[in-house]
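**Student:**
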Amino acid sequence: MEPPLIVVLNGPNLNMLGTREPEKYGTATLDDVEALCAEAAEELGLAIDFRQTNLEGELISWIQEARGNAAGIIINPAGYSHTSIALMDALLAVDLPVVEVHITNIHRREAFRHLSYVSRAAVGVICGLGVGGYALALRAIAGIIGQDDTA
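Just so it is clear: in the sequence shown, position 69 is 73 by the working numbering, and no numbers are missing.
Below you can see the structure in the form of structure tokens.
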């Protein structure tokens with residue numbers, strides 16, 4: 005039996021992790037985040053499909069592809085959190101558990117970052133805990149889909 009698939013999606017500018025504003029986002033690269041997710045997923049008996057794009061439409065297509073193929077979605081929508089109703093609609097349409105992740109605490113930042121349309125589609129939001137929030141999101145999804153009794 006194959007492990008449940010969790011799609012881990014990353015939005016715009018996250019390909020710049022490690023070099024973009026390290027005082028806010030830390031020095032871990034997106035490759036480091038992917039390795040962290042792979043390790044956490046293995047411990048939890050999950051498979052992951054880890055992706056990043058700077059294109060809103062590509063994120064929406066990937067979300068739609070997850071329907072019928074994945075057990076859940078973890079998404080760091082980055083700047084699209086605060087602007088994309090289309091992203092929220094796609095997440096609502098696929099009828100999968102969604103956990104939203106932000107490396108920084110969006111509620112301690114500029115006022116425009118306090119609103120996330122994606123949160124409307126998420127069962128939970130993890131923000132402000134650095135890249136470790138991704139591992140927490142995987143544990144949460146595992147618990148939601150019944151893969152982890154301790155979550």
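Positions of the beta carbon are idealized from the N, C-alpha and C atoms, including for glycine.
With a Cβ-Cβ cutoff of 8 Å, do residue 12 and residue 64 count as a contact?
**Tutor:** Not closer than 8 Å, so no.
**Student:** Is residue 40 near residue 8, with beta carbons less than 8 Å apart?
**Tutor:** No; because the gap between Cβ atoms is not below 8 Å, this pair is not in contact.
**Student:** So, under 8 Å CB-CB, residue 146 and residue 130 are touching, yes? Tell me the CB distance rounded to an integer number of Å.
**Tutor:** Residue 146 to residue 130, Cβ: 14 Å. No contact.
**Student:** Check whether the Cβ atoms of residue 26 and residue 83 lie closer than 8 Å to each other.
**Tutor:** The answer is no: Cβ separation not under 8 Å.
**Student:** Let's test the definition: count the other Cβ atoms within 10 Å of the Cβ of residue 97 and tell me whether it reaches 16, buried, or not, exposed.
**Tutor:** Looking at its Cβ environment, which holds fewer than 16 other Cβ atoms inside 10 Å, residue 97 is exposed.
**Student:** Just the Cα atoms here: how many angstroms apart are residue 138 and residue 105?
**Tutor:** Roughly 7 Å separates the two Cα atoms.
**Student:** Reducing DSSP to helix, strand and coil, say where residue 99 ends up.
**Tutor:** Reduced to three states, the DSSP call for residue 99 is coil.
**Student:** Kindly indicate the opening and closing residues of the beta strand (DSSP E) around residue 151.
**Tutor:** No beta strand (DSSP E) holds residue 151; DSSP gives it neither H nor E.
**Student:** For the alpha helix (DSSP H) that contains residue 18, what are its first and last residues?
**Tutor:** Residue 18 -> no alpha helix (DSSP H), and no H or E assigned at all.
**Student:** Would residue 89 and residue 121 qualify as a contact pair, given that the criterion is a beta-carbon distance under 8 Å?
**Tutor:** Closer than 8 Å, so yes.
**Student:** Beta carbon of residue 76, beta carbon of residue 95: below 8 Å?
**Tutor:** Not closer than 8 Å, so no.
**Student:** What residue range is occupied by the uninterrupted alpha helix (DSSP H) comprising residue 39?
**Tutor:** Its alpha helix (DSSP H) spans residues 34–48.
**Student:** How far does the alpha helix (DSSP H) with residue 51 in it extend, from its first residue to its last?
**Tutor:** No alpha helix (DSSP H) holds residue 51; the beta strand (DSSP E) holding it covers 51–56.
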